[in-house]
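**Student:** Below: one structure in structure tokens.
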Amino acid sequence: MTPEAPLLEAEGVTVRFGRIEAVSGVSFSLWPGEVLAIVGESGSGKTTLLRTLHGDLAPCSGRVLYRRRSGETVDVHALPEPARRLLARTEWGFVHQNPRDGLRMAVSAGGNVGERLMAAGARHWGRIRAEAAAWLARVEIDAGRIDDPPRIFSGGMQQRLQIARVLVTNPRLVLMDEPTGGLDVSVQARLLDLIRSLVRELGLAAVIVTHDLAVARLLADRMLVMQRGRVVEAGLTDQVLDDPQHPYAQLLVSSVLQA
Amino acid sequence: MTAPPRGPDPAYNEAYLDEQTKRMIRRALLKAIAIPGYQVPFASREMPLAYGWGTGGMQVTAAIIGRDDVLKVIDQGADDTTNAVSIRRFFARVSGVRTTERTSEATIIQTRHRIPEEPLRAGQIIVYQVPQPEPLRKLEPREVETRRMHALADYGLMYVKLYEDIARHGRITLSYDYPVLVGGRYVMAPSPIPSFDNPKMNRSPALQLFGAGREKRIYAVPPYTSVESLAFEDHPFHPWRADQACDLCGSTTSYLDEVVVDDRGGRMFVCSDTDWCATRRVAGYRGAQAGHPIAADGGA
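Line by line, the protein sequences are chains A and B.
Plus 248 on top of the position in the first sequence (first one is 1) and you've got my numbering.
Plus 9 on top of the position in the second sequence (first one is 1) and you've got my numbering.
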């Protein structure tokens, strides 16, 4: 196999909110098809880092490089906004913790999935609908619910719908912010199963922010452990979880109840 | 038909607005014409009329009207409704211009809800009264966000609305204020004209100006600019019209109003454009209920 260039690279990313340094000097590379988990307690800067990767927040120093489908490498924050938005709706996807942030609650499930297609230029109603129906089936939402608005869906269904809406444009990179937060355990398990099979099937690269080590164990190839804005440990998931080196990583791993 | 010219009422500045205000509006108009379909903010003034009654259109008209102009004002296609009559009288008084009910004689046509049936010609200006200039408003309440969507031509959301319409009703049921794409760039609200009138905007030889008084926006479509109604490839745009003929003049091509004529379920269809209907009746066209008292004070 020929060595490929990384898909996404963070180089010394630092984000400050006033005097508070939320993310300090984070560097990592994400390779095509790889799933990276970022774990750490609340307030450790995981979500801030994710939003910076997505271009929603600008870093105070450092940069984020992304290799486009065309092979060209771009600095995410140096792109003009139209180009960045285009990237965000064609090559990337963002799954929010709260489906309300990622869905239009008053628009039907089909319309929610179709919006990304229409934003990308699809103008054939029948094909948009067929594509939406196919994606609803893939995320295990009954075809009869295609015209129902997500506000009457259960939490698990809303989250699955959000994933369908993100994946419909065949992104190469998906950023997920606590995708299983707020769901009960059995629904979480099904959602994780679904994400895992979709990621493998589609060869997606993903960055998953979570405080749940089980999610990292199940989905991620590699993981970063963050504490107070810094990456304190990085490595293969099994390695980090089974043999943590940094005291904070040890604490984190040992504080999980063994079921 | 044509009122004789008098001078402007000396108690007011010509065309009511002061000269600086007219200059400000003209600057906004020039910018609007330079960027077809783009909403230009302007410092809308109080007019001697309630918001929602055409204050935006009146300010545009006041800014462009001159001594030689001939003004026609229509409301829902009719020259003789309250709003049309009072705006026409207002301009006759404050600017002393000639007024008319004939589409062909007018140089400026201020309108609410309709475009005249008679095709407009080069040199004419049509001024629309606009209640809501932002076509994306019902979908996206944040002004900052809608402006960004226009700036980036990010119009996926507009299609979501049409998608939902088809999903729910099997077809696009939107029948007025039907969104259009102007000059291949900006999505624009055509004001609440019926979708029947949308095709008349496309490549029209007349200059089309839009004024929204309460929302403080002016926009424009210059002559011969493409105006395309949004639709899907497999659900093309379909202008809606009642499948009837006018009961007074027999027209089968004009936009019709359904009028209830008694309390026993009696109804008739008549042209919404009163000038068009009257002109046809004078020319001898007769509908199924020609001579009905409803037409008694309508000219012919």
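Backbone N, C-alpha and C fix where the C-beta goes; we use that ideal spot for every residue, glycine too.
If you're wondering where the values come from, they're calculated on a predicted model, not measured in any experiment.
For M249(A), would you say it is in contact with chain B, using Cβ-to-Cβ distances shorter than 7 Å as the test?
**Tutor:** Along the first sequence, one-based indexing puts residue 249(A) at 1. Unreliable positioning characterises M249(A) in this predicted model, as indicated by a pLDDT of 42, which lies under 50. A coordinate reading is not provided.
**Student:** Could you tell me whether any Cβ in chain B is nearer than 7 Å to the Cβ of E339(A)?
**Tutor:** As a working note, residue 339(A) is residue 91 in the first sequence. Chain B, which has no Cβ nearer than 7 Å to the Cβ of E339(A), makes this no.
**Student:** The beta strand (DSSP E) that contains T262(A), what's its start and end?
**Tutor:** As a position in the first sequence, residue 262(A) is number 14, starting the count at 1. Where T262(A) is concerned, the enclosing beta strand (DSSP E) stretches over 256-265.
**Student:** According to the neighbour-count rule (16 or more other Cβ atoms, all chains shown, within 10 Å of its Cβ), is F99(B) buried or exposed?
**Tutor:** Within the second sequence, residue 99(B) is the residue found at index 90, counting from 1. Buried.
**Student:** Just to make sure I have the definition right: I need the residues of chain B whose C-beta is within less than 8 Å of the C-beta of D395(A). Which are they?
**Tutor:** As a first step, residue 395(A) must be located in the first sequence, where it is residue number 147. The answer, in chain order, is A176, R177.
**Student:** Tell me whether A507(A) is buried or exposed, calling it buried when 16 or more other Cβ atoms sit within 10 Å of its Cβ.
**Tutor:** Sequence index remark: in the first sequence, residue 507(A) carries index 259 (1-based). For A507(A), the pLDDT reaches just 49, beneath the cut-off of 50, and the residue's location in the model is therefore unreliable, leaving the point undetermined.
**Student:** Are the C-beta atoms of W373(A) and some chain B residue less than 7 Å apart?
**Tutor:** The residue given as residue 373(A) occupies position 125 in the first sequence. Output row for W373(A): interface = yes.
**Student:** Rounded to whole angstroms, what is the Cα-Cα separation between Q29(B) and N92(B)?
**Tutor:** On the second sequence, residue 29(B) is found 20 positions in, with the first residue counted as 1. On the second sequence, residue 92(B) is found 83 positions in, with the first residue counted as 1. Each residue's alpha carbon lies about 27 Å from the other.
**Student:** Output yes if chain B places a C-beta closer than 7 Å to the C-beta of G303(A); else output no.
**Tutor:** Here residue 303(A) corresponds to residue number 55 of the first sequence, with the count starting at 1. For G303(A), the answer is no, since every Cβ of chain B falls outside 7 Å of its Cβ.
**Student:** Assuming Q119(B) is part of the alpha helix (DSSP H), what are its boundary residues?
**Tutor:** Walking along the second sequence from the start, residue 119(B) turns up at place 110. Where Q119(B) is concerned, there is no enclosing alpha helix (DSSP H), although the beta strand (DSSP E) it sits in stretches over 117-121.
**Student:** Three-state secondary structure (DSSP) at D425(A)?
**Tutor:** Here residue 425(A) corresponds to residue number 177 of the first sequence, with the count starting at 1. D425(A): strand per DSSP, three-state reduction.
**Student:** Just the Cα atoms here: how many angstroms apart are D323(A) and E224(B)?
**Tutor:** Here residue 323(A) corresponds to residue number 75 of the first sequence, with the count starting at 1. Here residue 224(B) corresponds to residue number 215 of the second sequence, with the count starting at 1. Going by the C-alpha atoms only, they are around 39 Å apart.
**Student:** To be precise: take each residue of the segment 249-277 of chain A, compare its Cβ to all Cβ atoms of chain B, and keep it if any distance is under 8 Å. Which residues remain?
**Tutor:** Within the segment 249-277 of chain A, no residue has a Cβ that lies closer than 8 Å to any Cβ of chain B.
**Student:** Which same chain residues end up closer than 7 Å to G296(B) when comparing Cβ atoms and leaving out the 5 residues on each side of it in sequence?
**Tutor:** Residue numbering aside, residue 296(B) sits at position 287 when the second sequence is read from its first letter. Closer than 7 Å at the Cβ level, and outside the excluded window around G296(B), lie A254, C255, D256, L257, C258, G259.
**Student:** Going by CA-CA distance only, name the one from Y264(B), H178(B), R146(B) that's closest to P208(B).
**Tutor:** Within the second sequence, the letter at position 199 stands for residue 208(B). Looking at the Cα atoms, Y264(B) is the closest of the given residues.
**Student:** I'd like the list of long-range same chain contacts for E319(B), defined as Cβ closer than 7 Å, with 5 residues on each side in sequence excluded.
**Tutor:** The structure shown does not extend to residue 319(B), since chain B is modelled only from 10 through 309, so no value can be given for it.
**Student:** Using three-state DSSP, classify F401(A) as helix, strand or coil.
**Tutor:** Within the first sequence, the letter at position 153 stands for residue 401(A). It is coil, neither helix nor strand.
**Student:** Among all the DSSP beta bridges, which residues are the ones paired with Q475(A)?
**Tutor:** Counted from its first residue, the first sequence places residue 475(A) at position 227. Answer is R478(A), bridged to Q475(A).
**Student:** Mapping DSSP to helix, strand and coil, what is A287(B)?
**Tutor:** Indexing the second sequence from 1 puts residue 287(B) at position 278. In the structure shown, A287(B) sits in a helix (DSSP, three-state: H, G or I).
**Student:** Using a cut-off of 8 Å between C-beta atoms, extract the partners of F99(B) located in chain D.
**Tutor:** Absent here is chain D; the protein component of the structure consists of chains A and B.
**Student:** I believe M394(A) touches A381(A) by the beta-carbon criterion, under 8 Å. Please report the beta-carbon distance rounded to the nearest angstrom.
**Tutor:** As a first step, residue 394(A) must be located in the first sequence, where it is residue number 146. As a first step, residue 381(A) must be located in the first sequence, where it is residue number 133. Rather than Met, the amino acid found at residue 394(A) in this sequence is Ile. At roughly 6 Å, the Cβ-Cβ gap stays under 8 Å, so I394(A) and A381(A) are in contact.
**Student:** Out of R352(A), R465(A), R470(A), V480(A), which has the shortest C-alpha to C-alpha gap to R413(A)?
**Tutor:** Position 165 of the first sequence, counting from 1, holds the residue named residue 413(A). The residue with the shortest Cα to Cα distance from R413(A) is R352(A).
**Student:** W279(A) to H302(A), Cα distance in whole Å?
**Tutor:** On the first sequence, position 31 is the one that residue 279(A) refers to. On the first sequence, position 54 is the one that residue 302(A) refers to. Approximately 16 Å between the Cα atoms of the pair.
**Student:** Take E149(B) and list the residues in its own chain whose beta-carbon comes closer than 8 Å to its own, dropping the five residues that flank it on each side.
**Tutor:** As a position in the second sequence, residue 149(B) is number 140, starting the count at 1. Taken in chain order, the residues that qualify are T155, M158, L166.
**Student:** Are the beta-carbon atoms of P397(A) and S445(A) separated by less than 7 Å?
**Tutor:** As a working mapping, residue 397(A) is identified with position 149 in the first sequence. As a working mapping, residue 445(A) is identified with position 197 in the first sequence. It is not a contact, given that the beta carbons lie outside the stated cut-off.
**Student:** Apart from the five residues just before and just after G61(B), which ones in its own chain have a Cβ nearer than 8 Å to its Cβ?
**Tutor:** By 1-based counting over the second sequence, the position of residue 61(B) is 52. Closer than 8 Å at Cβ, skipping near neighbours: P140, R223.
**Student:** For the segment 416-426 of chain A and the segment 327-342 of chain A, state whether three or more C-beta atom pairs, one from each stretch, are separated by less than 8 Å.
**Tutor:** Short answer: they touch.
**Student:** Using a Cβ cut-off of 7 Å (strictly closer), state whether G358(A) contacts chain B.
**Tutor:** For the purposes of this step, residue 358(A) is taken as the residue at position 110 of the first sequence. Closer than 7 Å: yes.
**Student:** To the nearest whole angstrom, what separates the beta carbons of S275(A) and G260(A), a pair I think is in contact under 8 Å?
**Tutor:** Position 27 of the first sequence, counted from the first residue, corresponds to residue 275(A). Position 12 of the first sequence, counted from the first residue, corresponds to residue 260(A). About 6 Å separates the two Cβ atoms, so the contact holds.
**Student:** Can you find a CB in chain A that lies within less than 7 Å of the CB of V169(B)?
**Tutor:** For this step, residue 169(B) is matched to residue 160 along the second sequence. True, the Cβ-Cβ gap to chain A drops below 7 Å.
**Student:** Is G477(A) near E329(A), with beta carbons less than 7 Å apart?
**Tutor:** For the purposes of this step, residue 477(A) is taken as the residue at position 229 of the first sequence. For the purposes of this step, residue 329(A) is taken as the residue at position 81 of the first sequence. Contact: no.
**Student:** Using CA coordinates, which residue listed in R107(B), Q85(B), Q68(B), R212(B) is at the minimum distance from E237(B)?
**Tutor:** By one-based count along the second sequence, residue 237(B) stands at place 228. Considering only alpha carbons, the answer is R212(B).
**Student:** What do you get for E173(B), buried or exposed, if any count of 16 or more other CB atoms within 10 angstroms of its CB means buried?
**Tutor:** Taking the first residue of the second sequence as position 1, residue 173(B) is located at position 164. So E173(B) ends up on the buried side.
**Student:** How about G362(A): is its C-beta nearer than 7 Å to some C-beta of chain B?
**Tutor:** Indexing the first sequence from 1 puts residue 362(A) at position 114. Cβ-Cβ to chain B under 7 Å: yes for G362(A).
**Student:** Tell me whether V139(B) sits in a helix, a strand or coil according to DSSP, three-state version.
**Tutor:** As a first step, residue 139(B) must be located in the second sequence, where it is residue number 130. The answer is coil: DSSP assigns V139(B) none of H, G, I, E or B.
**Student:** If I measure Cβ to Cβ from A41(B) and keep anything under 6 Å in the same chain, skipping five residues before and after, which residues do I get?
**Tutor:** Indexing the second sequence from 1 puts residue 41(B) at position 32. Excluding sequence neighbours, A41(B) sits near V49, I227, Y228, A229.
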